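Engineer: This is the structure I want to talk about, given as structure tokens.
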Amino acid sequence: MIGVGRCRRRARRLSGEEVFCAVSLNFPGGPSLMLQSTRMMFRAQTCHRNRRSASSRRGFTLAELMVVVLIMGILATIGLSSFVRHQDMSKTVEAVATCRSIGAAQSNYKALHHEYLNVSPDLVTPASFYPVNVPGRQLANFWGQDTHPDFAQWINLAPVVPAYTQYGFATIAGLPPAANLAAVNLGPTQALPVWPATVTDPWYIVKAVGDLNGDGQQSMIIMSSLSSTVYQEFAGE
23 MIGVGRCRRR ARRLSGEEVF CAVSLNFPGG PSLMLQSTRM MFRAQTCHRN
73 RRSASSRRGF TLAELMVVVL IMGILATIGL SSFVRHQDMS KTVEAVATCR
123 SIGAAQSNYK ALHHEYLNVS PDLVTPASFY PVNVPGRQLA NFWGQDTHPD
173 FAQWINLAPV VPAYTQYGFA TIAGLPPAAN LAAVNLGPTQ ALPVWPATVT
223 DPWYIVKAVG DLNGDGQQSM IIMSSLSSTV YQEFAGE
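As structure tokens, then:
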């Protein structure tokens, strides 16, 4: 038994012919028994290494994969909603810039003709808005609406605007006195813009409406020559 123990300890440290010599010198049972014992030792060590390698290659369970997929789905939903919200807000900022461009075009027109251009019939009727009558997520070509009844007037005004938009725009113009301005219908709003009590110069109003998320609640932008303030309601809707 002492010889077997010494053989096994030395077999772990040596390999090949060195193991054979070590066993033959210390094993009292003869070469055949010595060789058989050495083979059994190598088989045991090989099995142990195979079990350890197999356990290290163990994959994910179905439950773990389902948890990962669930977490990724939640993160994707949050990220997508946040992205859409920021995209809608950027469209609102773009619409404000377009309203300012329309106002600048009105000023240019007045410098040439001494009056502002009355482009739209009113600021309420859906057909008065250009290029989008029913605002939504679909983009409309601002200069591709030649069948619109106000197309020629927009060509005359010639504002510098983006080629495509999701908002509808309307602009009207008027003359003093203030009663003419007070008679303008801005449509349903939570709070009307405050106009000056006395009007002595020609004026214009620009209005934009949009329903970017398609929920039926329209966002509204109003600006005019009477104030430097841009009025916004339900921005990003």
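Here the sequence shown stands for residues 23 to 259, where the numbers follow our numbering.
Glycine residues also receive a C-beta, built at the ideal position from the N, C-alpha and C atoms.
Because the structure is a prediction, the values reported are computed rather than measured.
How many angstroms separate the CA atom of LEU57 from the CA atom of GLY81?
Structural biologist: With a pLDDT of only 49 at LEU57, under the threshold of 50, the placement of this residue in the model should not be trusted, and no figure is reported.
Engineer: Is GLN109 helix, strand or coil by DSSP?
Structural biologist: When secondary structure is reduced to three states using DSSP, GLN109 falls in the helix class.
Engineer: For LEU197, I'd like the list of residues in its chain whose CB is within less than 7 angstroms of its CB, leaving aside the five on either flank, ordered along the chain.
Structural biologist: PRO224
Engineer: I'd like the span of the alpha helix (DSSP H) that includes GLN175, first residue to last.
Structural biologist: Here the alpha helix (DSSP H) through GLN175 covers 173–179.
Engineer: State yes or no: is the C-beta of LYS229 within less than 8 angstroms of the C-beta of ALA174?
Structural biologist: For LYS229 and ALA174, no; Cβs fall outside 8 angstroms.
Engineer: Hey, how far is the Cα of ASN140 from the Cα of TYR186?
Structural biologist: 23 angstroms
Engineer: If we count the other Cβ atoms within 10 Å of its Cβ and call it buried at 16 or more, is THR120 buried or exposed?
Structural biologist: Within 10 angstroms of the beta-carbon of THR120 lie 16 or more other beta-carbons, which makes it buried.
Engineer: Taking SER142 as the reference, which of GLY238, SER249, LEU234, VAL206 has the closest Cα?
Structural biologist: Residue VAL206 holds the alpha-carbon nearest to the alpha-carbon of SER142 among GLY238, SER249, LEU234, VAL206.
Engineer: For the stretch 225–244 against the stretch 111–119, do three or more pairs of beta-carbon atoms, one drawn from each stretch, fall closer than 8 angstroms, so that the two count as touching?
Structural biologist: Short answer: they touch.
Engineer: What did DSSP end up calling VAL183 once you bin it into helix, strand or coil?
Structural biologist: Under the three-state reduction of DSSP output, VAL183 falls in the coil class, being neither helix nor strand.
Engineer: Measuring straight from C-alpha to C-alpha, what distance separates ALA201 and SER104?
Structural biologist: When the Cα atoms are used, ALA201 and SER104 turn out to be separated by approximately 45 angstroms.
Engineer: Which whole-angstrom value is the C-beta distance of MET153 and PHE164, which I expect to be below 8 angstroms?
Structural biologist: The identity of residue 153 in the sequence shown is Pro, whereas the question assumes Met. In this structure PRO153 touches PHE164 by the C-beta definition: roughly 5 angstroms separates them, less than 8 angstroms.
Engineer: Count the other C-beta atoms from every protein chain shown that fall within 10 angstroms of the C-beta of ASN183, then say buried if there are 16 or more, exposed otherwise.
Structural biologist: The amino acid at residue 183 is misidentified as Asn; the sequence shows Val. Buried is the call here.
Engineer: Leaving out five residues before and five after LEU102 in sequence, what residues of the same chain have Cβ atoms less than 6 angstroms from its Cβ?
Structural biologist: Taken in chain order, the list of residues that qualify is empty.
Engineer: Pick helix, strand or coil for SER246, following the three-state DSSP scheme.
Structural biologist: strand
Engineer: Compare the beta carbon distance of ALA195 and TYR138 with 8 angstroms and say whether it is the shorter of the two.
Structural biologist: Between ALA195 and TYR138, the C-beta gap is smaller than 8 angstroms, which places the two residues in contact.
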